[in-house]
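Those protein sequences? They're chains S and W, same order as listed.
Residues 2 to 214, numbered by the numbering used here, are exactly what the first sequence covers, in order.
Residues 13 to 231, numbered by the numbering used here, are exactly what the second sequence covers, in order.
Glycine included, every Cβ here is placed at the ideal spot set by N, Cα and C.
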Amino acid sequence: MIAIRAINLRKSYSTSNGRIEVIKGVSFEVRDGEFTVIMGPNGAGKTTLLRIIALLEKPDDGRLILFGTDTTSSWNNALRLRGDVTMVFQEPIVFNMSVYKNIALGVREGNVRGVVEVLAEQFKLKNVLDRNALSLSTGFRKRVMLARALACNPRILLLDEPTANLDGESREIVLRILKELLGSKTIIYVTHYLPEAQMFNTKILYMEDGVFK
Amino acid sequence: MYWEIVDIVSRSIYVAGLATLTASTWSIPLGLILALRRFRGRYVLTSIFNSLIGFPTVLEGLILYLLLTRSGPLGWLNLLYTVNAIIIGQALLITPLIISFVIGAVESIDPKIKDAALTLGLSGWKANLVVISYSIRGIIASIMAGFNRAIGELGVALMLGGDIRFKTRVITTAIAFETGLGNWSFALILGFIFLLIISLITILTFIITGRIIARRVVF
């Protein structure tokens, strides 16, 4: 089954220097359970593309079909898919509440405590569950973000440079868990580092100036 | 003199407090809508409220006076020269101020906070609640700014209240009146009390707010 089908996606923004086209007709497909890496320089449009797939922004033109649902023809249909498509941002965005509550916020079904405890164990967060997530280091915050994203059991996981600015231990944990997820979730992984991209032994797309090269 | 000061101060706090409470009931929701929803005319409305912050209190007092005067369209309400008239006038006066401050407080929050909540599958209003929980301190500050503006204004209180002793006299009108009579010391005492009240209420509010935020009762 095709999880993501993007057909000629376009997106532009108004700036003080006029309109700038960030995504210039991007088309690609990702099968269910496939791990895809997107590489490219800063300003290539990678994050914007992820934001469109995460249904945080509408494309100006083109079609985005997620699991057979055309999100561009009906925005209401698209909104129903939120939560099925989860994005982990480049910046360590955690909510001003305990680590436990941060992760619990993502749980959509099942035993909340059980899900949180399993994820806390996986991400080595057990000792900080009661601490305010904002008081943690960047590495811990990123682990919380990823645990929170996995808590809602998304069908598509979008990762925008999840290992950027991470300490060795956090990087190791994140990469180990992502390897464990290989094949079980549709994942799009954006990174700058080629060795990291090659580590997953999977499809690598190269984006530059708003298009795949 | 002592009882007169107590009478004036308590009335000032009552009038400004009730005006702030009243204005907050519509200003906070309106500010939140303008900050969180995207719709046509949003920027125009925001700009109008921003510019209305500088609306002259005397002009507003005059307009309301003409509406509430016995021969005016709302004269049948018999509100002119009552405490209620001052409350209405002050509530209207501080409305644009609270709205603008609430918009500023909410818009200063990193938009990615809301995005992060949305991608977890939270509904739009729950994601907004997350943003609002971050803005609580700013929203409280906007209420305090409204209260301070209300208690410190003169035009509305003078024109709609008439500065009637033991009936509608508040601190600002009393200071103006006593200064006119040459009672400098009495006017200065009232001025110091006025500054003390504003400082105490503001400090207390922020201490209480800090405790509320620390307990995370919002979300």
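Cβ-based burial, residue i [other Cβ within 10 Å; buried from 16]
i, result
"W:G43", "buried"
"S:D161", "buried"
"W:L212", "exposed"
"S:K127", "exposed"
"W:L202", "buried"
"S:T164", "buried"
"W:D6", "Since the first and last residues shown for chain W are 13 and 231, residue 6 of chain W lies out of range."
"S:Y101", "buried"
"W:L8", "Lying outside 13 to 231, the shown extent of chain W, residue 8 of chain W is not represented and no answer is given."
"W:I110", "buried"
Nonlocal neighbours in the same chain, by C-beta distance under 6 Å from residue i, ignoring five residues either side
i, result
"W:G173", "I98, T180"
"S:V203", "Looking at the sequence shown, residue 203 of chain S is not Val but Thr. So the list reads F36, once near-sequence residues are dropped."
"W:E190", "F198, A199"
"S:D168", "G140"
"S:V191", "I39, K47, D161, E162"
Close-in-space but distant-in-sequence residues of the same chain around residue i (CB under 7 Å, 5 per side omitted)
i, result
"W:L166", "T69, T184, T185, A188"
"S:I8", "S28, G63, R64"
"S:L182", "I188"
"S:L120", "I104, A148, L151, A152"
"S:V95", "N103, A134, L135, R142, V145, M146"
"W:S24", "I163, V182, I183"
Own chain partners of residue i with C-beta closer than 8 Å, once the 5 adjacent residues on each side are dropped
i, result
"W:N140", "L44, L48, K126"
"W:V229", "Caution applies to W:V229, whose pLDDT of 41 falls short of 50 and renders its modelled position unreliable; the value that the coordinates give is listed next. Within the same chain, W:V229 has no close Cβ partners at all."
"W:F231", "Low confidence applies to W:F231: its pLDDT is 44, below 50, so where it sits in the model is not reliable, and the reading given next is rough at best. Closer than 8 Å at Cβ, skipping near neighbours: L141, V142, S145."
"W:L89", "L80"
- Mind checking the segment 89-101 of chain S against chain W and listing, in chain order, the residues whose C-beta falls within less than 9 Å of any C-beta there? V89, F90, E92, I94, V95, F96, N97, M98, S99
- Near-chain S residues of the segment 14-44 of chain W - C-beta to any C-beta below 8 Å: none
- Using a beta-carbon distance cut-off of less than 8 Å, what residues from the segment 99-128 of chain W approach chain S? D122, K124, I125, D127, A128
- Message: Assess contact between the segment 3-17 of chain S and the segment 47-64 of chain S, defined as three or more Cβ pairs (one per stretch) separated by less than 8 Å. Is contact present?
- Response: yes
- Task: Could you list the residues in the segment 101-120 of chain S with a C-beta less than 7 Å from some C-beta on chain W, going in chain order?
- Result: L106, G107, R109
- Query: What alpha helix (DSSP H) runs, 4 residues minimum, are completely inside the segment 42-123 of chain S?
  - Reply: 47-54, 76-81, 100-105, 113-123
- Item | alpha helix (DSSP H) runs contained entirely in the segment 71-143 of chain W, provided each spans 4 or more residues | 95-119, 123-131
- Query: Which of the residues in the segment 74-85 of chain S, read from start to end, lie with their CB under 7 Å from any CB of chain W?
  - Reply: R83, G84
- Query: Hey, is the segment 149-160 of chain W in contact with the segment 108-120 of chain W, meaning 3+ C-beta pairs nearer than 8 Å?
  - Reply: yes
- Message: With three or more beta-carbon pairs closer than 8 Å as the criterion, would you say the segment 124-138 of chain W touches the segment 26-39 of chain W?
- Response: Taking 8 Å as the limit for Cβ pairs, the verdict is that the segment 26-39 of chain W does not touch the segment 124-138 of chain W.
- Message: For the pair the segment 44-54 of chain S and the segment 204-213 of chain S, tell me if three or more CB-CB distances fall below 8 Å.
- Response: yes
- Residues from the segment 146-171 of chain W in contact with chain S, defined by Cβ distance under 8 Å: The segment 146-171 of chain W vs chain S, Cβ under 8 Å: Y146.
- Taking a Cβ distance cut-off of 9 Å, strictly less, list which residues of the segment 47-71 of chain S are near chain W, in chain order. R52, A55, L56, L57
- Item | Interfacial residues, the segment 14-34 of chain S to chain W, with Cβ spacing under 7 Å | For the segment 14-34 of chain S, there are no residues whose beta carbon sits under 7 Å from a beta carbon of chain W.
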